[in-house]
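Just remember that our numbering sits 89 ahead of the position in the sequence shown, which is counted from 1.
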Amino acid sequence: MAKLLLRALSTVAKRVEPIAGTTPLHTTYILLHTKTPVKDYPAKASSTLQRSLMLSIPGASVNFAWNSSTDQDHVALPEDNGDLLGSDGNPNGDEAYTLTAFTVGRDDALRIPQVSKHNLPSVTESIKSFISTHATSSVFNTMGDASVPSSLITDHHLLVCTHGSRDCRCGDLGGSVVRALREARDARVNSAPNDDVRQAWNRIRITEVAHVGGHKYAANVLIYPQGDWLGNAKPDDADAILEAVVQSKSLVAGVGSAQWRGRFGLDKEGQVELSVKNARVPG
Numbered sequence: 090m091a092k093l094l095l096r097a098l099s100t101v102a103k104r105v106e107p108i109a110g111t112t113p114l115h116t117t118y119i120l121l122h123t124k125t126p127v128k129d130y131p132a133k134a135s136s137t138l139q140r141s142l143m144l145s146i147p148g149a150s151v152n153f154a155w156n157s158s159t160d161q162d163h164v165a166l167p168e169d170n171g172d173l174l175g176s177d178g179n180p181n182g183d184e185a186y187t188l189t190a191f192t193v194g195r196d197d198a199l200r201i202p203q204v205s206k207h208n209l210p211s212v213t214e215s216i217k218s219f220i221s222t223h224a225t226s227s228v229f230n231t232m233g234d235a236s237v238p239s240s241l242i243t244d245h246h247l248l249v250c251t252h253g254s255r256d257c258r259c260g261d262l263g264g265s266v267v268r269a270l271r272e273a274r275d276a277r278v279n280s281a282p283n284d285d286v287r288q289a290w291n292r293i294r295i296t297e298v299a300h301v302g303g304h305k306y307a308a309n310v311l312i313y314p315q316g317d318w319l320g321n322a323k324p325d326d327a328d329a330i331l332e333a334v335v336q337s338k339s340l341v342a343g344v345g346s347a348q349w350r351g352r353f354g355l356d357k358e359g360q361v362e363l364s365v366k367n368a369r370v371p372g
């Protein structure tokens, strides 16, 4: 009974204190896409490959991600994928993931169809090339490691922490928010008046991720490639968040300003300063 009461209280609790400045400092965010749903992740999702990437890429945060069938068309997982929960099914026990990387200063993302221990050094070099240049894809492709297939994608990515085994608030609140976002996005796709509008809404990818830090701010919604983090999101916020993203509206000064946790590339002081500065902007 006590456990059920704690779960209920933690789910409905409202946070009113300012949350700007609570995004962990990072300059690159890397996703390792798994076939295992986040709801089935262990409480502490970690792996050798994940840790190796974090050590190899300065300023990087590396997390695990899962896409529902609605959003899986843009993530072609390796057939021999042995992920953090599935490596026992792989004859060699090897991890293998599709990888997506975002970095400060770029409005696109790097997609690598497979990363494993066998090509990790080459993948690392490709990510570093992606980070170090703001050039076009043609220039990037000449600088990256030619042995690693890769592409640049320009979708909007909404990452929602639904890691319930780590904290029930993330599973409960994150789960309700991710469902609301998918329903609102799909409704816009289905009612789009023309192909251009439909394509714009189809470019919003909604992905579930493991622990991001800040259970008490659940539901946490991370928006990349711009790198804005929102906390205390609710299902009723889905429409406003989607409209802000597709119309490139500010999440600091406008929609989501009270829920804005911060932005990658900024330390705590920088995030707070940006929040205060935008709070003074009229309208």
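The C-beta atom is built at its ideal place from N, Cα and C for all residues, glycine as well.
Small disclaimer: the values here were computed from a predicted structure and weren't measured.
*Exposure of R104, with buried meaning 16 or more beta-carbon neighbours within 10 Å*: In this predicted model, R104 has a pLDDT of only 47, less than 50, meaning its place in the structure is not dependable; the value taken from the coordinates is given anyway. For R104, the number of other beta carbons within 10 angstroms of its own is below 16, and it is reported as exposed.
*Once you ignore the five residues that flank I293 on each side, which residues in its own chain have a CB closer than 6 Å to its CB?*
Around I293: H245 and R274.
*Classify T111 as buried or exposed, calling it buried when 16 or more other Cβ atoms lie within 10 Å of its own Cβ.*
By the neighbour-count rule (16 or more Cβ atoms within 10 Å), T111 is buried.
*Kindly indicate which residue of V298, Q315 and A281 has the alpha-carbon position closest to the one of G263.*
Considering only alpha carbons, the answer is V298.
*Assign Q139 to one of two classes, buried (16 or more other C-beta atoms within 10 Å of its C-beta) or exposed (fewer than that).*
Under this definition Q139 is a buried residue.
*Please go through the same chain and pick out, in chain order, the residues whose beta-carbon is closer than 7 Å to the beta-carbon of Q360, but skip the five residues on each side of it.*
Excluding sequence positions up to five before and after Q360, its CB lies within less than 7 Å of the CB of A109, G110, T112, G351 and R352, all in the same chain and listed in chain order.
*Using the Cα positions of T231 and T123, report the straight-line distance between them to the nearest angstrom.*
Confidence at T231 is low in this model, with a pLDDT of 41, below 50, so its placement is unreliable and no value can be given for it.
*Look at the alpha carbon of D129 and the alpha carbon of S218, and state the distance between them as a whole number of angstroms.*
Going by the C-alpha atoms only, they are around 34 Å apart.
*Determine which residues share a DSSP beta bridge with Y313 and list them.*
Y313 pairs with H246.
*Leaving aside the five residues before and after C259 along the sequence, list all residues of the same chain whose C-beta is less than 8 Å from its C-beta, in chain order.*
Correct list, in chain order: C250, T251, H252, G253, H300, H304, A307, A308 and N309.
_Unbroken alpha helix (DSSP H) run spanning A368, endpoints_ = Taken as a continuous stretch (DSSP letters only), the alpha helix (DSSP H) holding A368 covers K357 to A368.
*Taking the alpha carbon of G194 as the point to measure from, which residue in S280, L247 and T222 has its own alpha carbon closest?*
Ranking S280, L247 and T222 by Cα distance to G194 puts T222 first.
*Alpha carbon of V204 to alpha carbon of S150, nearest angstrom*: Between V204 and S150, the C-alpha separation is close to 16 Å.
*A55: which of V266, V341, A347 and A342 sits nearest, CA to CA?*
In the structure displayed, the chain extends from 90 to 372; residue 55 sits before or after that span and is not available.
*Going by Cα to Cα distance, which pick from K133, E106, A269 and T125 is closest to R255?*
In terms of Cα proximity to R255, the closest of K133, E106, A269 and T125 is K133.
*Jot down the residue ranges of each uninterrupted beta strand (DSSP E) in the stretch 269-339, minimum 3 residues, whole runs only, in chain order.*
Counting whole runs of 3 or more residues, the stretch 269-339 contains the beta strand (DSSP E) stretches 293-298, 310-313 and 317-319.
*Which word fits K366, buried or exposed, when buried means at least 16 other C-beta atoms lie within 10 angstroms of its C-beta?*
K366 counts as exposed, since fewer than 16 other beta carbons sit within 10 angstroms of its beta carbon.
_Applying the 10 Å Cβ sphere with the 16-neighbour rule, what's the burial state of E184?_
Answer is buried; the Cβ neighbour count reaches 16.
_Just to confirm the assignment, what range does the beta strand (DSSP E) spanning L114 have?_
Unbroken run through L114: none, as it is neither H nor E.
*In whole angstroms, what is the alpha-carbon distance linking A342 and T187?*
Approximately 34 Å between the Cα atoms of the pair.
_Determine whether the beta carbon atoms of T213 and L120 lie at a separation below 8 Å._
No. Outside cutoff.
*Could you give the distance in angstroms between the alpha-carbon of S346 and the alpha-carbon of P314?*
Approximately 18 Å, taken between the alpha carbons.
*In chain order, what residues of the same chain have a beta carbon less than 7 Å from the beta carbon of G302, not counting five sequence neighbours either side?*
In its chain, beyond the 5 residues on either side, P113 have a beta carbon closer than 7 Å to the beta carbon of G302.
*If you draw a straight line from the alpha carbon of P202 to that of I242, how long is it in whole angstroms?*
Taking the straight line from one Cα to the other gives about 12 Å.
*Buried or exposed by the 16-neighbour rule on C-beta atoms within 10 Å, applied to A368*: Exposed, by the Cβ-count rule.
*Figure out for me which residue from S239, V278 and E332 has the closest Cα to the Cα of A198.*
Nearest to A198 by alpha-carbon distance, out of S239, V278 and E332, is S239.
*List the whole-angstrom C-beta distance separating P210 from A269, where the pair is believed to meet the contact cut-off of C-beta under 8 Å.*
At roughly 41 Å, the Cβ-Cβ gap does not stay under 8 Å, so P210 and A269 are not in contact.
_Once DSSP output is grouped into helix, strand and coil, what is the label at S239?_
Three-state result, S239: coil.
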